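Under this note's numbering, the first residue of the sequence shown is numbered 241, with each subsequent residue one higher. One structure is given here, and the rest of the page talks about it.
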Amino acid sequence: MNETVKAYFDAFNRGDVPGMLACLSEDVRHHVNEGQVREGKDLFRAFCEHMSRCYREELTDMVIFEVEGGRRAAAEYVVNGTYLATDEGLPEARGQSYRLPAGSFFTLENGLITRVVTYYNLADWVKQVSA
């Protein structure tokens with residue numbers, strides 16, 4: 241298992257943004273499920289701060305895969321969350337809970353994550369928080 245990716249997800253589950261940032265290269269490319277690619281730690285930090293305001297999430301059922309001698313990794317997991325504050329363009333937040341399968345893909349260089357790609361089913365999430 242890739243220790244950097246494990247440390248990244250451990251920090252995520254603690255709500256430890258500095259811990260997540262410590263796993264990233266300065267020029268990290270963050271490909272989100274919806275929206276533009278974010279480049280660099282500053283934009284990643286801003287994304288995390290926004291997410292922390294709107295969502296409380298814990299990832300469970302984590303399986304991490306590693307290939308190419310640790311240069312590439314992937315993870316499959318379940319997002320267990322609470323929708324805390326209305327996010328622009330999305331349904332109104334009322335403290336709804338959701339449970340959503342998701343996955344991430346990583347590229348690493350010199351022990352740091354240079355690319356993060358995250359996928360989940362947005363339509364499923366909308367359905368859950370709209371119920």
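We put the beta carbon where it would ideally sit given N, CA and C, even for glycine. Only a predicted model underlies this, so the values are computations on that prediction, with no experimental measurement involved.
Does the beta-carbon of residue i, which I'm using as the reference point, lie nearer than 6 Å to any heavy atom of the ligand ZN?
i	result
Asp282	As presented, the structure is devoid of all ligands, the ligand ZN included, so that no description of it is given.
Taking Cβ to Cβ, would you say residue i is nearer than 7 Å to residue j?
i	j	result
Ala333	Leu340	no
Val272	Pro331	no
Thr358	Ser337	no
Thr354	Val268	yes
Asp327	Cys288	no
Leu352	Ser265	yes
Phe284	Ala313	no
Exposed or buried, what is residue i when buried is set at 16 or more other beta-carbons lying within 10 Å of its beta-carbon?
i	result
Val277	exposed
His270	buried
Gly255	exposed
Asn242	buried
Val366	exposed
Val307	exposed
In the DSSP assignment, find the beta strand (DSSP E) that holds residue i and state where it starts and stops.
i	result
Gln357	Per the sequence shown, residue 357 should be read as Val rather than Gln. It spans 352–360 - the beta strand (DSSP E) in which Val357 sits, taken as one unbroken run.
Ala342	337–349
Arg334	Premise fails: Arg334 is in no beta strand (DSSP E) and is neither H nor E.
Glu316	312–323
Closest by CA to residue i, which one among the options?
i	options	result
Asp250	Gly329, Trp365, Gly280, Tyr317	Tyr317
Ile304	Val366, Lys246, Ala371	Lys246
Pro258	Ala286, Gly275, Glu274, Glu279	Ala286
Discussion item. Threshold first: 4 residues or longer. Then list the alpha helix (DSSP H) segments lying entirely within the segment 252–298, N to C.
Written reply: 257–261, 281–294, all fully within the segment 252–298.
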